[in-house]
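Undergrad:
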Amino acid sequence: EKQKDITRELLRNIAETNSSFGNALFGIMYNSEGRDKEAIEVFKKVKKGSKIGGFDLEYTAFTLSGDSYMKLGRLDESLESFQKALKLNKDAHYGLALFYKSTKNREKAIEHFEKYLKIHKSGYYADMAKQQLKELSAIR
């Protein structure tokens, strides 16, 4: 009960201050908990160009909104969100690749995983992209 009170107070404060950082944090939390409709709603409140300490809140909002829309089966909105994210950061090729894989568009998925790997040769997501490419290559 106390946690719910704290959450309500934080949300009230974020709404009053129109905090992009607060909205992004709650969106990330909701997305990770599978509360996708709530995530999308708070991500819509993240202001254009919002950054904090080099962390691009707008890019994060578009990327995770794309993920939430995809999980809800709202594919047009998912694609639109990932495309907006791509305009802000080329790392969005990874999310777009996952989107296309989920919609069974093998060629587009491969294209975007390869574009992601041109930017990132190593790291967790690069390893994941390589694994995804192996799986997609096995499907002919």
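For reference, each letter of the sequence shown is one residue, going 1464 to 1603 in my numbering. No residue lacks a Cβ here, since even glycine has one placed at the ideal position from N, Cα and C.
#1: May I ask which residues mark the beginning and end of the alpha helix (DSSP H) holding D1530?
#2: Counting only the same chain and skipping the five closest in sequence on each side, list residues whose C-beta sits under 6 angstroms from that of F1489.
#3: Starting from D1554, follow the alpha helix (DSSP H) in both directions and report where the run begins and ends.
#4: Counting C-beta neighbours from all protein chains within 10 Å, is the total for T1526 16 or more, i.e. buried, or is it exposed?
#5: Give the DSSP-derived three-state secondary structure of K1581 in the structure shown.
#6: Helix, strand or coil: how does DSSP classify K1514 here?
#7: Relative to the C-alpha of V1509, which residue among E1496, I1491 and R1498 is closest?
#8: Buried or exposed, going by whether 16 or more other CB atoms sit within 10 Å of the CB of G1516?
#9: To the nearest whole angstrom, what separates the beta carbons of G1529 and G1497, a pair I think is in contact under 8 angstroms?
#10: Spatial neighbours of Y1563 within its chain, please: C-beta separation below 7 angstroms, excluding the five flanking residues on both sides.
TA: Per the coordinate set shown:
#1: Reading the sequence shown from its first residue, position 67 is the one you call residue 1530. Note, D1530: alpha helix (DSSP H), L1520 to K1534.
#2: What you label residue 1489 is simply residue 26 of the sequence shown in a count that begins at 1. Contacts found: V1505.
#3: Translated into positions along the sequence shown, residue 1554 becomes position 91. Unbroken run through D1554: none, as it is neither H nor E.
#4: The residue you call residue 1526 lines up with position 63 of the sequence shown. Its Cβ being crowded by 16 or more others within 10 Å, T1526 is buried.
#5: Here the question's residue 1581 lines up with position 118 in the sequence shown. Helix at K1581.
#6: Counted from its first residue, the sequence shown places residue 1514 at position 51. Three-state result, K1514: strand.
#7: One-based indexing of the sequence shown puts residue 1509 at position 46. Among E1496, I1491 and R1498, the Cα nearest to that of V1509 is on I1491.
#8: To locate residue 1516, count along the sequence shown from 1; it is residue 53. Its Cβ having fewer than 16 others within 10 Å, G1516 is exposed.
#9: Translated into positions along the sequence shown, residue 1529 becomes position 66. Translated into positions along the sequence shown, residue 1497 becomes position 34. The Cβ separation is near 15 angstroms, so there is no contact.
#10: As a first step, residue 1563 must be located in the sequence shown, where it is residue number 100. Around Y1563: K1571, A1572 and H1575.
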